[in-house]
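Working notes, beginning with the structure itself.
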Amino acid sequence: MARWLPRSADLTRFCQKLNRVKTLEDDMMETSFNRCLSTIDLTLLGIGGMVGSGLYVLTGTVAKEIAGPAVIVSFIIAGFASLLAALCYAEFGARVPKTGSAYMFTYVSVGEIWAFLIGWNVLLEYMIGGAAVARAWSGYLDSIFNHKIKNFTETHVGTWQVPFLAHYPDFLAAAILLIATAFISFGAKVSSWLNHIFSAISMGVIVFILIMGFILAQPKNWSAQEGGFAPKGLSGIMAGTATCFYAFVGFDVIAASSEEARNPQRAVPRAIAFSLGLATGAYILVSVVLTLMVPWHTLDPDSALADAFYRRGYAWAGFLVAAGSICAMNTVLLSNLFSLPRIVYAMAEDGLFFRVFSQVHPRTQVPVIGIVVFGLLMALLALVFDLEALVQFLSIGTLLAYTFVAASIIVLRFQQQKVAVSAPAAGGQPSPEPHEGSSAGELKEYESFSDKLQLVDRDKSKEHREPGQLKAAFEPYLEFLSDFYPGEVITVAVVTLMVSAICLCSVLVFGNTHLHLPTWSYTLLLILFSLGFLLSLLLIWAHEQQHGMQTFQIPLVPLSPALSIVLNIYLMLKLSYMTWLRFAIWLLLGLLVYFGYGIWHSKENLREPRPQHTSARYVVFPSGSLEERVQAIQPSSQPATGLPDTDTDNCKR
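Structural data, given as structure tokens:
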């Protein structure tokens, strides 16, 4: 029976397959897309993606059913957590100006299977986002006509009583998605032009809502007679925060559009900062005026703002708000349909998803097949699914993407910058050695059979520490860590940090309610897991990180990404168990796609090893205590993914 068990070498190669990272091109500005978007275009795309159904629907839904007037605090916390994640996206978008967003960021820093799972969940995130907004769009338009569209459908088509499905098929929502799909397929400039028009109308309506809302505000609606400011307490606020994350999904469209930006190094960070700041302010102020205009427990969750104006005797204002909200939701539809095919394109281009979706139309320079196929899928979701079930499912995908992007920032910041190896000259001769005038401490990477070994030629006459190496000030105290390769300790510390964060948040969320822990064990577990989190953070901080980058860098690394990780995990655990169940089913489907297709067709899997021409190589370990000479070895005939059993002939100490 033992012969059927996989060998350790096979398991090692299999794990290396799962965790291989994407090889980036030398010129990351080269693309098959049209680089035509400015900072203003990206900013309006971000605003359009965030200020839509979240403003006109979620404010009323969360206020009435989850948090009450404290929805204001929920939006503040959600905005802060989104800011931490947005800064991570801004750094990645500037450094890696390629489409794919969280999928691409994870692929270049963490590993292939994690990138695929993130991309798989981002696909669902955008499909659900588009479908949910289309249903909200339909509901607002229906409210303008006194729900005649809904009544007609229920009378002539029928209704159904199935969990997680809508009570009736929403043909209007499906139709608007199909129309938006047609416009998106005409190209990035047409999409941007339409977004400008709808964003201008939306911002005008928001200004009107704020002015009229403060005029009609009644402070008694926050009084104890109406339930108070936070009727559901802290638990309601945090549960509302998790749902409010749907409102801030939109800034991801900026990172997904970086391959079509003229100057992504400057435009992406600025657009993310501007759009997130404006959107957060709009959500907070609209939540204030909405809960002050009418009592929170009387809100209509389907069309809260328009209904509030109707009930205060301003029917014309309610009509204007409903019409303006439709324009705002159009921008969200455009944003989702704009981003989704580009993420599918990135996965297909890397070979992890079906290659047909990597085709770009030569005239419009957009992935038309992806736009049409996923536009139809969005329309199907909007036709049959319930809005609340869709929104709950959306939050977990967003939070998971934020968590992995934050972890990827830590890993990338403490990685050594790889220098591309020159291709062999004509005739098969190896490229010349780097000249003596190279800058001190610069890393020159040569060919190697094992990804584990870093083959370098380092000028050791000057003290210079690479990213991922232990800082000189900590060597006397942590000398045993000097024997590890640069980045190895960081990887272990990041994993430990995430495990500690999961355990810590689990105790906070379930310790008193589901687990019923006694006070002493609850406190002890909090202390232990907090210590594990802080020690991991300190261990990461004790190593050198990349400095002097020309692009935007998030401040206070690793603290800022670590805070984002903790907050995202906490909010994920606040979601319902049914959300987790649906998420697990979707994840299993993704694993079937990856192991059935992606792992075999990955470009990294098909990348052939380069021929070995170098006669001698040198290995310098981080401690500087060992130099190992490696003779050239011709690999035996074996699969491209295999590794030779022996790398060295002789060593000298």
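-18 is the number of the first residue of the sequence shown in our numbering; add one for each residue after it.
Beta carbons: idealized from backbone N, C-alpha and C, even for Gly.
Looking at the structure shown, is G408 part of a helix, part of a strand, or coil, going by DSSP? If you number the sequence shown from 1, residue 408 lands on position 427. Low confidence applies here, because G408 scores a pLDDT of 40, under 50, leaving its location unreliable; read the following figure in that light. Residue state, collapsed to three classes: coil.
So, are the CB atoms of V43 and T224 less than 8 Å apart? The residue labelled residue 43 in the question sits at position 62 within the sequence shown. The residue labelled residue 224 in the question sits at position 243 within the sequence shown. Yes, they are a contact pair.
Taking the DSSP output, what are the residues bridged to A242? Here residue 242 refers to the residue found at position 261 when the sequence shown is read from its first residue. The partner list for A242 (beta bridge, DSSP) reads L18.
In three-state terms, what does DSSP make of H497? Looking up residue 497 in the sequence shown gives position 516. If DSSP states are grouped into helix, strand and coil, H497 belongs with coil.
Could you check the C-alpha separation between V386 and C69 for me, to the nearest Å? Mapped onto the sequence shown, residue 386 falls at position 405. Mapped onto the sequence shown, residue 69 falls at position 88. Each residue's alpha carbon lies about 7 Å from the other.
Of the residues F290, L544, T477, the one placed nearest I196, counting alpha carbons only: The residue you call residue 196 lines up with position 215 of the sequence shown. It is F290 whose Cα lies nearest to the Cα of I196.
Do you know how far the Cα of L333 is from the Cα of L(-8)? Sequence index remark: in the sequence shown, residue -8 carries index 11 (1-based). Sequence index remark: in the sequence shown, residue 333 carries index 352 (1-based). Each residue's alpha carbon lies about 21 Å from the other.
Going by DSSP in three states, H524 sits in which element: helix, strand or coil? The sequence position of residue 524 within the sequence shown is 543, counting from 1. H524: strand per DSSP, three-state reduction.
So what's F334 in DSSP terms, helix, strand or just coil? Locating residue 334 in the sequence shown gives position 353, counting from the first residue. Looking at F334 - three-state DSSP - the assignment turns out to be coil, as it is neither helix nor strand.
Extent of the continuous alpha helix (DSSP H) run through S173: Position 192 of the sequence shown holds residue 173. Run containing S173: 169 to 196, per the alpha helix (DSSP H) assignment.
For T532 and K452, I'd like the C-alpha separation in whole angstroms. Numbered from its first residue, the sequence shown carries residue 532 at position 551. Numbered from its first residue, the sequence shown carries residue 452 at position 471. Rounded to the nearest angstrom, the two C-alpha atoms are 24 Å apart.
DSSP beta-bridge partners for F366? The count along the sequence shown starts at 1 and reaches residue 366 at position 385. L146, per the DSSP bridge assignment.
Should A277 go down as buried or exposed, given a rule of 16 or more other Cβ atoms within 10 Å for buried? On the sequence shown, residue 277 is found 296 positions in, with the first residue counted as 1. What sits at residue 277 in the sequence shown is Trp, not Ala. Buried is the call here.
Which of helix, strand or coil DSSP assigns to L280: Working through the sequence shown from its first residue, we reach residue 280 at position 299. Three-state DSSP puts L280 in coil, outside helix and strand.
Looking at the secondary structure, which residues open and close the alpha helix (DSSP H) in which A75 lies? Counting from one through the sequence shown, the residue named residue 75 turns up at place 94. A75 -> alpha helix (DSSP H) spans 52 to 76.
Enumerate in chain order the residues of its own chain whose CB-to-CB distance from Q(-3) is below 6 Å, with the five nearest sequence positions on each side excluded. Indexing the sequence shown from 1 puts residue -3 at position 16. Cβ within range, chain order: n/a, list empty.
Local conformation of L556 per DSSP, three classes: Translated into positions along the sequence shown, residue 556 becomes position 575. Residue state, collapsed to three classes: coil.
Taking only the alpha-carbon atoms, compute the straight-line gap between S354 and L318 and give it to the nearest angstrom. Taking the sequence shown and counting its residues from 1, the one referred to as residue 354 is at position 373. Taking the sequence shown and counting its residues from 1, the one referred to as residue 318 is at position 337. For clarity, residue 354 is Val in the given sequence; the question names Ser instead. For V354 and L318, the distance between alpha carbons rounds to 11 Å.
Could you give the distance in angstroms between the alpha-carbon of G209 and the alpha-carbon of S55? Translated into the one-based positions of the sequence shown, residue 209 becomes position 228. Translated into the one-based positions of the sequence shown, residue 55 becomes position 74. Between G209 and S55, the C-alpha separation is close to 16 Å.
Exposure of W101, with buried meaning 16 or more beta-carbon neighbours within 10 Å: Start at 1 with the first residue of the sequence shown, and residue 101 comes out as number 120. Flag for W101 reads buried.
L5, DSSP secondary structure in three states: Within the sequence shown, the letter at position 24 stands for residue 5. Coil.
Could you check how far apart the C-beta atoms of I546 and S268 are, in whole angstroms? I think they sit under 8 Å. The residue you call residue 546 lines up with position 565 of the sequence shown. The residue you call residue 268 lines up with position 287 of the sequence shown. Not really, about 27 Å apart at Cβ, beyond 8 Å.
Local conformation of V451 per DSSP, three classes: Numbered from 1 along the sequence shown, position 470 holds the residue referred to as residue 451. Note that residue 451 corresponds to Leu in the displayed sequence, not to Val. Three-state result, L451: strand.
With three or more C-beta pairs closer than 8 Å as the rule, is the stretch 282 to 299 touching the stretch 167 to 174? no
For I192 and V347, what's the separation of their Cα atoms in angstroms? The count along the sequence shown starts at 1 and reaches residue 192 at position 211. The count along the sequence shown starts at 1 and reaches residue 347 at position 366. Whole-angstrom Cα-Cα distance: 41 Å.
Under a three-way DSSP split, which group does A211 fall into? Here residue 211 refers to the residue found at position 230 of the sequence shown. Here A211 sits in coil by DSSP.
Classify P343 as helix, strand or coil using the three-state DSSP reduction. Locating residue 343 in the sequence shown gives position 362, where the first residue counts as 1. If DSSP states are grouped into helix, strand and coil, P343 belongs with coil.
Go to S110, then tell me how far its alpha helix (DSSP H) extends in each direction, as first and last residue. As a first step, residue 110 is located in the sequence shown; it is residue number 129 there, counting from the start. According to the sequence displayed, residue 110 carries Gly and not Ser. Residues 93 to 125.
Between which two residues does the alpha helix (DSSP H) harbouring S583 extend? By one-based count along the sequence shown, residue 583 stands at place 602. Careful: S583 lies outside any alpha helix (DSSP H) and carries neither H nor E.
State the CB to CB distance for the pair G29 and F179, rounded to an integer number of angstroms; the pair is presumed to be in contact (CB under 8 Å). Working through the sequence shown from its first residue, we reach residue 29 at position 48. Working through the sequence shown from its first residue, we reach residue 179 at position 198. The Cβ separation is near 7 Å, so the contact holds.
Determine the extent of the alpha helix (DSSP H) in which N132 is found, giving its start and end residues. Locating residue 132 in the sequence shown gives position 151, where the first residue counts as 1. Counting along the chain, the alpha helix (DSSP H) containing N132 begins and ends at 129 to 137.
Collapsed DSSP secondary structure at T(-7) in the structure displayed: On the sequence shown, residue -7 is found 12 positions in, with the first residue counted as 1. The answer is helix: DSSP assigns T(-7) an H, G or I state.
Could you check the C-alpha separation between M310 and E469 for me, to the nearest Å? Residue 310 sits at position 329 when you count from the first residue of the sequence shown. Residue 469 sits at position 488 when you count from the first residue of the sequence shown. Each residue's Cα considered, the two are about 46 Å apart.
Out of curiosity, what's the CA-to-CA distance linking L556 and L301? The residue labelled residue 556 in the question sits at position 575 within the sequence shown. The residue labelled residue 301 in the question sits at position 320 within the sequence shown. Computed Cα separation, rounded: 35 Å.
How would you call H497, buried or exposed, if buried means at least 16 neighbouring beta carbons within 10 angstroms? Within the sequence shown, the letter at position 516 stands for residue 497. The residue is exposed, with fewer than 16 neighbouring Cβ atoms inside 10 Å.
Give me the Cα-Cα distance between N0 and L98, rounded to the nearest whole angstrom. Translated into positions along the sequence shown, residue 0 becomes position 19. Translated into positions along the sequence shown, residue 98 becomes position 117. In a straight line, the C-alpha of N0 is about 12 Å away from that of L98.
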